[in-house]
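Asker:
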Amino acid sequence: MTQFANTGAFSNLGGVVTLNVYSDTELKKLTSITHGTQYTGNTDLDRVYTEHVYKNGPANRLNLVGQDGVLKLYNQSKFIPKEAETAVANFWNYVAGEEIVRFVNTVQESDEVIHDISGDNGVLAAQTYDGNGLVVYPDSWHIDDLSKEQQENWHLTTIIHEIGHGLGIPHLGGGVDGANAGKAGKFGNELMGPWSVFDNPDGAKSTLIEAAALAIAGLTWRNPRRLASWVLDDKNQKAYALYNKRVTTSTIPMSTLPSVLDVKALKDWGKAKLFTLDTDYFDSKIYLSLQSGVVSLSLAGYMTKDVLDGDFVIANTKSVKGLPLPLATTRGFIIDVTRPESKNGVIGVLRWYPNGNIVVNFNASFKASENRHYFDAGLTAVTNLNPNF
Ligand SMILES: [Zn+2]
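Residue numbers (our numbering): 112 to 500.
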């Protein structure tokens, strides 16, 4: 652990890409999408398909995503207002179709810290990969002639760009470090390329290239994930996520909406329905509250049964009257309250599937332990319920 990072930079040995997530045809298609539209010579990621490696020249491309598959950020930067954090994280969550970025409330929970360094060194922000976290240089910015909203949009698009690097996405211009498109004078609209608020007055919009690059990067994480696979379906060619003025909206298909809140879309927070579910795996009930198409599920108590390897269905919500099912598989973490000194306190995953199953899966390290433990777990899901119920 360093002052600004709990999770070190990662790449697979030799930069190899995990191959069992996509078919050969799908992997080829992902790399061909990254060739680009405006500039079509972005062949930098072709080695993912031809050599099955994720490299920039001879060097492995790195990411900062931990074993749990969610990049967790602690924000100390004056560039990122608290009110914008959810929208910044949601940009990548929407592109992924699942939660992959989250702002957390303590340094301990985080993979890395976003923090400011004073002095104008000509660099706006940087992802360090060396234990120094995500660094912002406020004194290097000289855009005071823009409106406050334009300034903040530019600042936060830069943060979204740097988070993209943390996820393992490179500059998307082709050639070593993505410089080819710039040399050819043909930039695309990728925020993972040279991006300016003048070219993007309506905010930062994701492109298919970024979605395909994220899908590829997810194959190189500690725990590889299938992300943004909607990009493989040609009928989704116009789908995008858009960050603008502290709100992220998305036209990415509903079936892949992530398990995160877009607060602007919610109404009637005072109107909540409450549900309880019995589970004989725990000594207390599962509680669910439904507000405007969002369900939060919480579980706390002692386990009453042994858990074996793999997923354990502890309850099914399919037949619960008035409780809609989640649109996509939603997950949260199981915390061991009895032993907070255990690795991050996280000892497993809680999942809620669109078929209604609520599932627990405990880490191998936990299973080896014989003591009685008190657990806490929760998750938040978007449902198919009309927000105006
Ligand atoms: Zn960059």
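Don't be surprised by glycine CBs; every beta carbon is placed ideally from N, CA and C.
Check each candidate in Lys139, Asn117, Ile327, Ala383 and name the one with the smallest Cα separation from Gly126.
Answerer: Comparing Cα positions, the closest option is Ile327.
Asker: Assuming Phe386 is part of the beta strand (DSSP E), what are its boundary residues?
Answerer: Element bounds for Phe386: 384 to 388.
Asker: Could you check what DSSP says for Glu263 in three-state terms: helix, strand or coil?
Answerer: Of the three classes helix, strand and coil, the one that applies to Glu263 here is helix, per DSSP.
Asker: Candidates Ser340, Gly404, Phe386: which alpha carbon is nearest Ile397's?
Answerer: If we check each option's Cα against that of Ile397, Phe386 comes out closest.
Asker: Using only CA atoms, which one of His276, Trp332, Tyr351 lies nearest to Asn300?
Answerer: When each option's Cα is compared against that of Asn300, the closest is Tyr351.
Asker: In this structure, does DSSP put Ile425 in helix, strand or coil?
Answerer: Strand at Ile425.
Asker: Confirm the yes/no value for this check: CB of His266, any heavy atom of ligand 1, distance under 7 angstroms.
Answerer: The answer is no for His266.
Asker: Have a look at Ile225 and Ile280 and give me their C-alpha separation to the nearest angstrom.
Answerer: Spanning the two alpha carbons is a distance of roughly 18 angstroms.
Asker: Per DSSP, what are the beta-bridge partners of Val159 in this structure?
Answerer: Looking at the DSSP assignment, Val159 forms no beta bridge with any residue, so it has no partner.
Asker: Please go through the same chain and pick out, in chain order, the residues whose beta-carbon is closer than 8 angstroms to the beta-carbon of Ile270, but skip the five residues on each side of it.
Answerer: Taken in chain order, the residues that qualify are Ser188, Phe190, Ile191, Val199, Ile225, Ala236, Leu245, Val247.
Asker: Would you mind reading off the limits of the beta strand (DSSP E) that contains Ser221?
Answerer: No beta strand (DSSP E) contains Ser221, which DSSP labels as neither H nor E.
Asker: Take Thr217 as the anchor and find which of Gln114, Phe393, Thr362 has the nearest alpha-carbon.
Answerer: Nearest option by C-alpha distance: Gln114.
Asker: Would you mind working out which of Pro249, Gly119, Lys140 sits nearest Asp231, comparing C-alpha positions?
Answerer: The candidate whose alpha carbon is nearest that of Asp231 is Pro249.
Asker: What span of residues does the alpha helix (DSSP H) with Phe202 cover, start to end?
Answerer: Counting along the chain, the alpha helix (DSSP H) containing Phe202 begins and ends at 196 to 207.
Asker: Compute the distance between the beta-carbons of Ser134 and Thr331, then report whether it is under 8 angstroms.
Answerer: No, they are not a contact pair.
Asker: Please confirm whether Asn355 and Val308 have their CB atoms less than 8 angstroms apart.
Answerer: Cβ atoms of Asn355 and Val308: not closer than 8 angstroms.
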